[in-house]
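Numbering (the working numbering), first residue to last: 40 to 195.
All remarks here apply to the structure that follows.
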Ligand code: FES
């Protein structure tokens, strides 16, 4: 398969998640809510998680944003469900490496995540792709807060 075809395949996977987002919505009785926005563009995401015994039992998101940010959120919620927080944070680390153009390891249970690998070539869009993952990191790495308002700063 040529790179062009691969790009085309990845593009269609991204658009499928954008048009048919998985896990869209809010978990009404979830254990954690994280709001995060990217002030440079105004895009925002609300991530709700249901975490039981350190396992992500459920994850949903809602928000407004570009196709990259929304499809990434859709892919992320699929990937982290059923995993421990530690496993999901490891996924986040690998995803960040992928965005930075470093060596990364994507496992099968991370679903369609690799479709976003091409974003690494467009630095301005990396924040789009990492918005949902940053929300997850901020929520699960915080101590006792259950609702966190977060803003991605320019130097992050
Ligand atoms: Fe704002 Fe993508 S353009 S998150």
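Glycine included, each C-beta is placed from N, C-alpha and C at the ideal position.
Nothing here was measured: the structure is a model prediction, and the numbers come from that model.
Any non-hydrogen atom of the ligand PLP within 7 Å of residue i CB
i, result
"residue 102", "The ligand PLP is not part of the structure shown, which contains the ligand FES as its ligands."
Endpoints, alpha helix (DSSP H) assigned at residue i
i, result
"residue 161", "Element bounds for residue 161: n/a, residue is neither H nor E."
Residue i classed as buried or exposed, judged by whether at least 16 other C-beta atoms fall within 10 angstroms
i, result
"residue 144", "exposed"
"residue 87", "buried"
"residue 36", "Only positions 40 to 195 of the chain appear in this structure, which leaves residue 36 out of reach."
"residue 100", "buried"
"residue 166", "buried"
"residue 170", "buried"
"residue 155", "buried"
"residue 173", "buried"
"residue 120", "buried"
"residue 140", "exposed"
"residue 161", "exposed"
Practice problem: Report the residue ranges of all alpha helix (DSSP H) runs contained in full by the segment 63-145; include only those spanning at least 4 residues, in chain order. | Solution: 106-119 and 124-138
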